[in-house]
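Take a look at the structure below.
Residue numbers (the numbering used here): 3 to 146.
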C-alpha cells in the first residue's frame, strides 16, 4: 500500500507542528530578539519589544547616532528631538521622534539599531525638505 499525501493532510500536519511549537513554549525568531534600554551594557538592562517602543528608550539620547535599516538601504540617523503629542494620554506611549539623516533616506519602515542591538522598529517619514525623518508613536488607551 502506498501513502498518498493530500493537501488536507499536509495542512493538518502543519497545524500540528505549529501547535506543538506553541505548547512547548518556543518563540519565533522575531519574538526572541532582545532589546535593551540605554543601560544596555549592564546585566540588568530592561528588555522592551521593538514593535512597541516607549519614550524612555529615547529620552535624554538627543545627539546619539543610530543606524536605520530599511528593506532597500541603511542610513545613519542622529536623534535630534523627542517631542510631545497633543491631546491626553500617557507620554511614555505617545511621543514624536525626529532624526537627521542623509538626503538619500526615504519614507519607510526602519529597524533602529544602536551598537548592533535593535532598539525599535518605526515608520519614518520626511516632513520637511531638510533631511529629517520623523516617527510618531501613539498608543493611546481605549476610551482615552
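Backbone N, C-alpha and C fix where the C-beta goes; we use that ideal spot for every residue, glycine too. This structure is a prediction, so every number in the text was calculated from the model and none was measured.
Backbone secondary structure at residue i - three-state DSSP
| i | result |
| --- | --- |
| residue 135 | strand |
| residue 123 | strand |
| residue 57 | helix |
| residue 66 | coil |
| residue 82 | strand |
| residue 108 | coil |
| residue 100 | strand |
Within 8 Å, strictly: CB atoms of residue i and residue j
| i | j | result |
| --- | --- | --- |
| residue 114 | residue 79 | yes |
| residue 55 | residue 139 | yes |
| residue 81 | residue 122 | no |
Nearest-angstrom beta carbon gap, residue j and residue i [assumed within contact, 8 Å]
| i | j | result |
| --- | --- | --- |
| residue 112 | residue 126 | 5 Å |
Residue of the options minimising C-alpha distance to residue i
| i | options | result |
| --- | --- | --- |
| residue 53 | 134, 124, 131 | 124 |
| residue 85 | 61, 119, 118, 142 | 61 |
Euclidean distance between Cα positions of residue i and residue j
| i | j | result |
| --- | --- | --- |
| residue 71 | residue 94 | 24 Å |
| residue 103 | residue 83 | 13 Å |
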